[in-house]
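In terms of full-length UniProt numbering, the sequence shown opens at residue 1 and continues consecutively. Just so you know, even glycine gets a beta-carbon here, dropped at the ideal spot from N, CA and C. As the structure is a computational prediction, the values presented were derived from the model and not from experiment. What follows is a short report on a single structure.
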Amino acid sequence: MTPSSIAGSFGGAINMNLSVAATASGGWSAPSGRSSAVTLQQLSGFSMRNLSIYGTGGDQLLNVFFKLVVDGRVVYESEIAKNTLNPVWVPFQSGEDDDTEGLTGVEALLGGSTRFDIVVPYNNSRSFADAMNSFDEADDSGANDMTDTETPTHTSSSNHNETPMFEEDILSLSFGVRELEPLPVAITDLANLPLNACLFEFSGHTYVNREMIELLADTGVIAPKHSRRKGSAIPLKDYSLHDGVDALEHILTTKQKIAELTKTNSEQKERIRNKLLLSQQRIAREQQRAALEERVRIARAQVAEKQHTLARLKAVMQDERKTFETDIHIPKALLSTMQMSMRYKDERQNILERRCEVLRAAHKIRSRQAMLVRQLGTVYPIEYVGAGEYSIRGIRIANSDLTGGGRADEEMISTALGYIAHLVFMLSKYLQVNLRYRVMPYSSRSFLKDEINDPQGEYPLYKKGVEKERHEKAIRFLRKDVEQLLFSRSLDPTQEAPILARLKALTDAENAWLASDRNLSSSAMNNNSTDNGAIVPR
């Protein structure tokens with residue numbers, strides 16, 4: 001095709017395959033802060049720069065238009081940009097209303113699978129045969145960017161004259177949506193652009209093909225950092241033939257090892273399968289043997305139960321036989337039954353009487369113990385002095401005196417501890433409590449003994465001439481004995497209180513029990529609600 005044979009209008013077509021409606025988040029390098037979803041309505045501008053077609057002169061101006069094709073169907077045809085090599089169009093703007101009817105339902109998202117096929121055909125009024133001959137000549141010339149399709153069309157003029165035309169595709173460009181990237185600089189800052197540069201404007205941002213970005217970076221028009229090839233987004237790696245051979249040998253060795261391991265695994269699986277079969281057979285035999293043993297055990301248990309039942313039946317039959325043999329009549333049997341019932345009632349009455357006697361004795365013992373504790377409290381009176389101090393028989397003693405931090409006279413403390421030891425000793429006798437630590441009351445030279453851990457040792461309650469550690473242990477052992485006495489009377493032994501306070505609580509509890517028992521006894525006697533000698537519950 002020669003420049004002299006080109007006449008008429010040149011047009012561009014954009015073919016978009018919208019087979020998948022999806023967002024362009026994976027294929028658009030949109031600036032941060034912008035939505036990654038791009039629609040057809042956001043295509044606010046489309047232009048080309050430095051339009052160049054094989055076979056035309058460099059100073060020849062062209063009339064160019066483009067068509068929007070979706071799934072092989074022309075949905076939009078732009079206006080004609082006349083006498084220009086840098087055409088600019090505003091998409092979806094036409095003077096006629098019928099031109100945009102094909103856009104109904106096309107407002108889909110531009111997905112990663114969408115591709116733009118830009119075709120610049122040549123419109124000619126020649127015959128169909130001449131067009132085919134021209135295409136044959138073009139095929140023989142070996143042009144790289146020419147196609148061999150020719151379709152009839154109609155062009156519209158201002159005077160509405162319709163002439164049948166034929167389109168010859170003389171320029172075809174194709175790239176995908178994922179190949180579009182935003183132009184890193186303003187279009188006005190670029191002095192020179194490559195030939196047939198396609199510029200897409202989506203919502204005020206200019207997008208170009210990735211190859212154009214690489215070309216501009218190679219020529220130094222834009223900074224190399226904006227290029228994916230030289231930037232950090234997709235870094236290039238240097239490969240060597242030796243490394244490739246080594247890697248190939250490693251792969252082959254690995255494959256051989258994998259094959260050997262696979263063979264070994266197969267053999268191991270076969271051996272394991274055989275062992276499992278043998279084990280399953282052995283387990284099945286063991287299960288059968290266990291089931292038979294269980295059945296034998298159940299059968300033996302049933303036989304034993306039946307033998308026991310048979311023995312009981314034989315015993316009953318023998319008793320019945322003896323009864324009939326002795327000729328015991330029914331009246332005698334009834335009399336025997338009545339006698340047994342009377343004996344049962346008598347025995348029950350005797351049991352109740354004995355129980356009452358036991359309770360009376362227990363009540364008397366309890367009352368006697370309370371009386372003894374009360375009298376013991378008069379012998380060793382314990383009084384609260386104040387400020388956490390108590391006195392026993394007039395000797396004041398504080399808790400600090402027992403721990404060694406007091407300033408009282410040691411002889412007075414030893415005498416008070418002797419009183420306490422004798423009081424504890426007498427309480428254990430009255431209340432019948434076996435103390436854990438045996439108390440040896442010898443007035444001011446009293447001591448305690450641990451007959452379990454140290455049978456021969458003595459723990460004195462006086463300080464003069466003894467070890468401090470043994471004296472402290474004696475105080476601790478005496479405290480444990482007092483807790484044991486409180487526990488025997490259902491009092492709380494866990495309260496942190498001095499020894500004298502705990503002993504006073506014990507004597508006060510016994511006095512309260514005596515008063516309560518006396519009140520209940522007097523009220524019972526006044527009301528005559530109980531028999532003589534009846535026990536009044538506490």
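Worksheet item: Residue range of the beta strand (DSSP E) that Val482 falls in?
Response: Here Val482 belongs to no beta strand (DSSP E); instead the alpha helix (DSSP H) covers Lys468 to Ser488.
Item to complete: Determine the extent of the alpha helix (DSSP H) in which His422 is found, giving its start and end residues.
Response: Note, His422: alpha helix (DSSP H), Glu410 to Tyr430.
Discussion item. Tell me the residue span of the beta strand (DSSP E) that contains Leu43.
Written reply: Secondary structure note for Leu43: its beta strand (DSSP E) is the uninterrupted segment Leu43 to Arg49.
Fill in: Span of the beta strand (DSSP E) around Asn83
Taken as a continuous stretch (DSSP letters only), the beta strand (DSSP E) holding Asn83 covers Ala81 to Thr84.
Fill in: C-alpha distance - Ser94 paired with Ser47, whole-angstrom precision
The pLDDT assigned to Ser94 is 42, lower than 50, so where the model puts this residue is not dependable; a value taken from the coordinates is nonetheless given after this. Cα-Cα distance, rounded: 16 Å.
Discussion item. Quick check: Asn86 and Leu51, are their CB atoms within less than 8 Å of each other?
Written reply: Between Asn86 and Leu51, the C-beta spacing is below 8 Å.
Worksheet item: Between the region 473-484 and the region 452-465, do at least 3 Cβ pairs fall closer than 8 Å?
Response: Counting C-beta pairs with one atom in each stretch, the region 473-484 and the region 452-465 have three or more that are closer than 8 Å, which means they touch.
Worksheet item: Taking the alpha-carbon positions, what's the Ser446 to Val466 distance?
Response: Roughly 13 Å separates the two Cα atoms.
Fill in: 8 Å contact criterion, which Leu448 and Leu376 should meet: CB distance rounded
Not really, about 19 Å apart at Cβ, beyond 8 Å.
Item to complete: Count the other CB atoms, across all protein chains shown, that sit within 10 Å of the CB of Lys225; report buried if there are 16 or more and exposed otherwise.
Response: Answer is exposed; the Cβ neighbour count stays below 16.
Worksheet item: In whole angstroms, what separates the C-alpha of Thr262 from that of Leu276?
Response: Cα atoms of Thr262 and Leu276: separation of roughly 20 Å, rounded to the nearest angstrom.
Item to complete: In angstroms with no decimal places, state the Cα-to-Cα distance between Val296 and Glu270.
Response: Counting only the Cα atoms, Glu270 lies some 39 Å from Val296.
Fill in: Reference Asn453; option with closest CA among Arg438, Glu389 and Ser444
Relative to Asn453, the option among Arg438, Glu389 and Ser444 whose CA is nearest is Arg438.
Worksheet item: Which residue from Leu520, Gln432, Thr264 and Pro455 puts its Cα closest to that of Leu486?
Response: When C-alpha distances from Leu486 are compared across Leu520, Gln432, Thr264 and Pro455, the shortest belongs to Gln432.
Practice prompt. May I ask which residues mark the beginning and end of the beta strand (DSSP E) holding Ile395?
Written response: Ile395 -> beta strand (DSSP E) spans Ile395 to Ile397.
Worksheet item: Could you check where the beta strand (DSSP E) with Asn209 kicks off and where it finishes?
Response: Counting along the chain, the beta strand (DSSP E) containing Asn209 begins and ends at His205 to Asn209.
Worksheet item: For Phe200, which beta-bridge partners are listed by DSSP?
Response: For Phe200, which the question treats as bridged, DSSP gives the partners Phe46 and Tyr207.
Item to complete: Count the other C-beta atoms from every protein chain shown that fall within 10 angstroms of the C-beta of Thr253, then say buried if there are 16 or more, exposed otherwise.
Response: Using a 10 angstroms sphere on the CB of Thr253, the tally of other CB atoms stays under 16, which defines it as exposed.
Worksheet entry | Own chain, CB closer than 8 Å to Arg374, minus 5 neighbours either side, in chain order | Counting only Cβ-Cβ distances below 8 Å, and skipping sequence neighbours, we find Thr507, Glu510, Asn511 and Leu514.
Discussion item. Taking a contact to mean a Cβ-Cβ separation below 8 Å, would you say Pro194 touches Leu215 in this structure?
Written reply: Yes, the pair counts as a contact, with Cβ atoms nearer than the cut-off.
Practice prompt. Using the Cα positions of Ala186 and Phe202, report the straight-line distance between them to the nearest angstrom.
Written response: For Ala186 and Phe202, the distance between alpha carbons rounds to 14 Å.
Discussion item. Between the alpha carbons of Tyr76 and Ser44, how many angstroms are there, rounded?
Written reply: Distance between the alpha carbons of Tyr76 and Ser44 is about 14 Å.
Discussion item. Could you compute how far the alpha carbon of Thr323 sits from the alpha carbon of Arg300?
Written reply: If I take the Cα positions, the gap works out to 35 Å.
Worksheet item: Between which two residues does the beta strand (DSSP E) carrying Lys463 extend?
Response: Per DSSP, Lys463 belongs to no beta strand (DSSP E) and is neither H nor E.
Worksheet item: DSSP puts Asp454 in a beta bridge; with which residues?
Response: Beta-bridge pairing by DSSP links Asp454 to Asp450.
Discussion item. Bridge partners for Arg438 per DSSP, in chain order?
Written reply: Per DSSP, Lys449.
Practice prompt. Express the C-alpha separation of Cys198 and Gly204 in angstroms, rounding to a whole number.
Written response: Cα to Cα, Gly204 sits roughly 16 Å from Cys198.
Item to complete: Check the DSSP bridge columns for Val90 and list the partner residues they point to.
Response: According to DSSP, Val90 bridges with nothing at all.
Item to complete: Assign Ser391 to one of three DSSP states: helix, strand, or coil.
Response: Strand.
Worksheet item: What's the call for Ile365, buried or exposed, on a 16-neighbour Cβ count within 10 Å?
Response: When all chains shown are included, Ile365 counts as exposed.
Fill in: Beta-carbon proximity check, Ala416 vs Ile397, cutoff 8 Å
Taking a C-beta distance under 8 Å as the contact criterion, Ala416 and Ile397 qualify as a contact pair.
Worksheet entry | Exposed unless 16 or more other CB atoms sit within 10 angstroms - verdict on Met525 | It is exposed - the Cβ of Met525 has fewer than 16 other Cβ atoms within 10 Å.
Discussion item. With a threshold of 7 Å on Cβ separation, who are the neighbours of Gln484 within its own chain once the five nearest residues in sequence on each side are excluded?
Written reply: Listed in chain order, the non-local C-beta contacts of Gln484 below 7 Å within the same chain comprise Val433, Leu435 and Arg436, local neighbours out to five positions each way being set aside.
Worksheet entry | DSSP beta-bridge partners of Phe324 | The partner list for Phe324 (beta bridge, DSSP) is empty, contrary to what the question assumes.
Discussion item. Can you give me the C-alpha to C-alpha distance between Ile213 and Leu190, rounded to a whole angstrom?
Written reply: Take the alpha-carbon of Ile213 and the one of Leu190: they are about 12 Å apart.
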